[in-house]
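Residue numbers for the sequence shown follow this note's numbering, beginning at 411 and rising by one.
Note that CB positions come from ideal geometry on N, CA and C, so glycine has one too.
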Amino acid sequence: MALETAKSDDRVATLARQIAMHVAAASPQYLERGQVPAEVLEREKEIYRAKAKESGKPDNIIEKILDGQVNKFYGEICLIEQAYVIDPDQKVGKVVEALGKELGGEVKLAGFVRFQLGEGIERRKTISRPKWPR
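This is how it looks when you write it as structure tokens:
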């Protein structure tokens, strides 16, 4: 978890720990919208478009539905736009921004890294042999 600020305060460290717990619980994939690859976004749009067409919606309505679904998608995968686990009425980005205002300086969420238990561990595959009755 990386928070950037010129201010030194215990509240910054506390917020960093809380956001780290949020990252562990909510599994964001990207920090912000600009980091989402175009192909990932297009794949999601095609899925939403196909669902809307199956329901028989007209094209102008489909585009409005698509905008709403894309915003919801961003809210699920982008850390800054996720509902904060500790206070679900607020977004993570707004919580960081509010701390900056409290401290009288800018606090910026610079990045994060999330590790999954067992990730990157190579497992040895064993072939089990049937046990024949003797």
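Below-8 Å beta-carbon distance, residue i vs any chain B residue
{"i": "Gln445", "result": "No chain B appears in this structure, which consists of one protein chain only."}
Collapsed DSSP secondary structure at residue i in the structure displayed
{"i": "Leu519", "result": "strand"}
{"i": "Lys501", "result": "strand"}
{"i": "Ala434", "result": "helix"}
{"i": "Glu414", "result": "strand"}
Beta-carbon gap between residue i and residue j smaller than 8 Å
{"i": "Leu519", "j": "Val506", "result": "yes"}
{"i": "Lys455", "j": "Leu489", "result": "no"}
{"i": "Val517", "j": "Leu451", "result": "no"}
{"i": "Ala436", "j": "Gln479", "result": "no"}
{"i": "Gln428", "j": "Ile496", "result": "yes"}
{"i": "Ile472", "j": "Lys482", "result": "no"}
{"i": "Leu509", "j": "Arg443", "result": "no"}
{"i": "Arg524", "j": "Ala434", "result": "yes"}
Residues near residue i by beta carbon distance below 7 Å, same chain, minus five either side
{"i": "Tyr494", "result": "His432, Gln500, Lys501, Val502 and Val505"}
{"i": "Arg459", "result": "Ile472 and Leu476"}
{"i": "Lys417", "result": "Leu513 and Gly515"}
Endpoints, alpha helix (DSSP H) assigned at residue i
{"i": "Ala460", "result": "Ala448 to Glu464"}
{"i": "Tyr484", "result": "Asp469 to Ile487"}
Own chain, CB closer than 6 Å to residue i, minus 5 neighbours either side, in chain order
{"i": "Val446", "result": "Tyr440"}
{"i": "Met411", "result": "Ala426, Ile429, Ala430 and Phe522"}
Cutoff 8 Å; reference residue i; Cβ partners in own chain excluding five residues on either side
{"i": "Thr415", "result": "Val422, Gly510, Leu513, Gly515, Glu516, Val517 and Lys518"}
{"i": "Tyr484", "result": "Arg443, Val446 and Glu491"}
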